[in-house]
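The structure appears right after this line, and notes come after that.
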Amino acid sequence: MFKTYLFLIIAIFCEVGGTMLLPVSQNFTKIIPTTALAVFYLTSFYLLTFVVDKLPIAIVYATWSGLGIFTIAILGYVFFKQSLSWQAILGLFLIVVGVVLVNSFTVKTI
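What follows is the structure, encoded as structure tokens:
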């Protein structure tokens, strides 16, 4: 199960990396950021194929998207100086709580 969650975490990081490269690619006109973006997204989806064999797809998608949203919001604040209201911060906190709860009570498949 450790390997499954490791793949999920790496898939999340790859998705976040690809998303963070979207503005850098300047509408896909910059070849290096665009290529890296594509590699990150493809790697993310490739790793997810292994994760959905072991965990229910609803749990995988909720975890992947929830932690991705959380991480992108924080990195957007840090690197792109995007503002976060206290309501947004509360919402991000609730997303993380939800992800922890969902994964705490997940029925693992073999």
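Just so we're aligned, residue 1 is where the sequence shown starts under UniProt numbering, counting upward by one.
A virtual CB, placed ideally from N, CA and C, is assigned to each residue, including glycine.
All figures in this text were calculated on a predicted structure; none of them were measured in a lab.
Quick one: measure Cβ to Cβ for Ser25 and Thr34, integer angstroms, because I've assumed they're closer than 8 Å.
5 Å
If you run the structure through DSSP and keep just helix, strand and coil, what is residue 126?
The question about residue 126 has no answer, for the chain in this structure spans 1 to 110.
Trp86 and Leu8 closer than 9 Å at C-beta:
no
Are there three or more Cβ pairs, one per stretch, closer than 8 Å when the segment 62-82 is compared with the segment 8-18?
yes
Distance, Cα to Cα, Leu75 vs Thr19?
10 Å
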